[in-house]
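Residue numbers (the numbering used here): 116 to 433.
Even glycine gets a Cβ: it sits at the ideal position worked out from N, Cα and C.
Read through the structure below, which is laid out as structure tokens, and then see the notes.
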């Protein structure tokens, strides 16, 4: 017969074994290391394959997009009309055309002789700007060092006006490598423009911009991509696939939190690089620098990604 102390030891061992087994059975699956991008890709592929096989086995459609009524009463009660934006009644004293900023005749007629100082705004990196040379004139100013300039004007009566303006400077280096004559003989010879409205759903675009939607669809014959979808969670997951043909996980790691291991976003194979190779002038504009698509979570660009890059302007304006 086992001694008292031996029996207690056996009971304790059995109890510990039962507890361990129970925990192993009911604990959630092991989380994937978010730094292991290959493991994440495999897990996503496994989930997609599993879900697809189940639906196809039942004879169903693997990916079924819901058809939502645009003006459904369930959603329209949350859609409130908004009044028009109220802009200043004071017209700009200086207007930009191409790469030339000119003091308007209307401003001179109203305030008399006007003197304006123009200070170039240049890029340090994706997070900082710096100011350049200041030029004073009573007529016009041509952009040379930058596409952006800070303007301060004073009339002969002492009234002041100031703003930050953006234009397109005549950059000889860009001119030398671009032009319609550099396109291949089979090229369509078209300008290519992409406009994106973040946090704006397909149906909200139709509700709030009906004339734009009608113009695109009826006048231009646009193709409405009813099945287009985001590939992941967040704005980068909406843009990275359409601009590079890949998901973020398939590309080099550019996340800030990876520190020195992170690459700059220039490493991505952006579509505008292909246009540049074909002789196109390229530009990229994003109007909310504090929540930048490539700078909020990612490391940003070390060199400007396109010939004309508006982040410098909006950093200074913000």
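With DSSP collapsed to three states, give me the class of residue 254.
-> For the purposes of this step, residue 254 is identified with residue 139 of the chain shown, where counting begins at 1. Residue state, collapsed to three classes: coil.
Straight-line Cα distance separating residue 354 from residue 348 = Residue mapping note: residue 348 aligns to position 233 of the chain shown, counting from 1. Residue mapping note: residue 354 aligns to position 239 of the chain shown, counting from 1. Approximately 11 Å between the Cα atoms of the pair.
Coarse secondary structure for residue 277, derived from DSSP in three states = As a first step, residue 277 must be located in the chain shown, where it is residue number 162. Strand, per DSSP.
Spatial neighbours of residue 57 within its chain, please: CB distance less than 6 Å, with the 5 preceding and 5 following residues excluded, ordered by chain position.
-> Outside the modelled stretch of the chain, which goes from 116 to 433, sits residue 57, for which no answer is possible.
To which residues does DSSP link residue 217 through a beta bridge?
-> Counting from one through the chain shown, the residue named residue 217 turns up at place 102. DSSP lists 210 and 255 as partners of residue 217.
Spell out the partners DSSP gives residue 341 in its beta bridges.
-> Numbered from 1 along the chain shown, position 226 holds the residue referred to as residue 341. In the DSSP output, where bridge partners are listed per residue, residue 341 has none listed.
With a 10 Å radius around its C-beta and 16 neighbouring C-beta atoms as the bar for buried, classify residue 147 as buried or exposed.
-> Mapped onto the chain shown, residue 147 falls at position 32. Residue placement at residue 147 is flagged as unreliable, the pLDDT there being 48, under the threshold of 50; a coordinate-derived value is accordingly withheld.
Output the distance between the C-alpha atoms of residue 320 and residue 356, rounded to the nearest integer angstrom.
-> The residue labelled residue 320 in the question sits at position 205 within the chain shown. The residue labelled residue 356 in the question sits at position 241 within the chain shown. Approximately 21 Å between the Cα atoms of the pair.
Residue 366 versus residue 158: straight-line alpha-carbon distance, rounded = The residue you call residue 366 lines up with position 251 of the chain shown. The residue you call residue 158 lines up with position 43 of the chain shown. About 17 Å.
Going straight from the alpha carbon of residue 393 to that of residue 382, what length do you get?
-> As a working note, residue 393 is residue 278 in the chain shown. As a working note, residue 382 is residue 267 in the chain shown. Going by the C-alpha atoms only, they are around 19 Å apart.
Proximity to residue 287 [Cα-Cα], best of 350, 253, 243 and 258 | For the purposes of this step, residue 287 is identified with residue 172 of the chain shown, where counting begins at 1. Comparing Cα-Cα distances from residue 287 to each of 350, 253, 243 and 258, the minimum goes to 258.
Outcome for residue 200 when other beta-carbon atoms lying within 10 angstroms are tallied against a minimum of 16 = Locating residue 200 in the chain shown gives position 85, counting from the first residue. So residue 200 counts as exposed.
Cut-off 6 Å between Cβ atoms - residues of its own chain near residue 369, not counting five sequence neighbours on either side = Along the chain shown, read from residue 1 onward, the residue named residue 369 stands at position 254. Within the same chain, residue 369 has close Cβ partners 377, 378, 380, 413 and 414.
Just to confirm, are residue 263 and residue 249 a CB contact at a threshold of 8 Å?
-> Walking along the chain shown from the start, residue 263 turns up at place 148. Walking along the chain shown from the start, residue 249 turns up at place 134. Against a cut-off of 8 Å, the Cβ pair of residue 249 and residue 263 comes out as no contact.
Going along the chain, which residues of its own chain have a beta-carbon closer than 7 Å to the beta-carbon of residue 332, five neighbours each way excluded?
-> Start at 1 with the first residue of the chain shown, and residue 332 comes out as number 217. If we look at residue 332 and ignore the five residues flanking it on each side, its Cβ neighbours are 339.
Could you give the distance in angstroms between the alpha-carbon of residue 310 and the alpha-carbon of residue 271?
-> Taking the chain shown and counting its residues from 1, one reaches residue 310 at position 195. Taking the chain shown and counting its residues from 1, one reaches residue 271 at position 156. Answer to the nearest angstrom: the Cα atoms are 42 Å apart.
When the Cα atoms are used, what is the spatial distance from residue 397 to residue 265?
-> Along the chain shown, read from residue 1 onward, the residue named residue 397 stands at position 282. Along the chain shown, read from residue 1 onward, the residue named residue 265 stands at position 150. Distance between the alpha carbons of residue 397 and residue 265 is about 24 Å.
Can you give me the start and stop residues for the beta strand (DSSP E) that residue 230 sits inside?
-> Looking up residue 230 in the chain shown gives position 115. Counting along the chain, the beta strand (DSSP E) containing residue 230 begins and ends at 229 to 238.
Can you say whether residue 193 is buried or exposed, counting buried as having 16 or more other CB atoms within 10 angstroms of its CB?
-> Along the chain shown, one-based indexing puts residue 193 at 78. The residue is exposed, with fewer than 16 neighbouring Cβ atoms inside 10 Å.
Pick from 209, 196, 422 and 237 that is closest to residue 285, judged by C-alpha positions | As a position in the chain shown, residue 285 is number 170, starting the count at 1. Nearest C-alpha to residue 285: 422.
Measuring alpha carbon to alpha carbon, tell me which of 236, 293 and 428 ends up nearest residue 388.
-> For the purposes of this step, residue 388 is taken as residue 273 along the chain shown, with counting starting at 1. Comparing Cα-Cα distances from residue 388 to each of 236, 293 and 428, the minimum goes to 293.
Unbroken alpha helix (DSSP H) run spanning residue 320, endpoints = Taking the first residue of the chain shown as position 1, residue 320 is located at position 205. Taken as a continuous stretch (DSSP letters only), the alpha helix (DSSP H) holding residue 320 covers 317 to 323.
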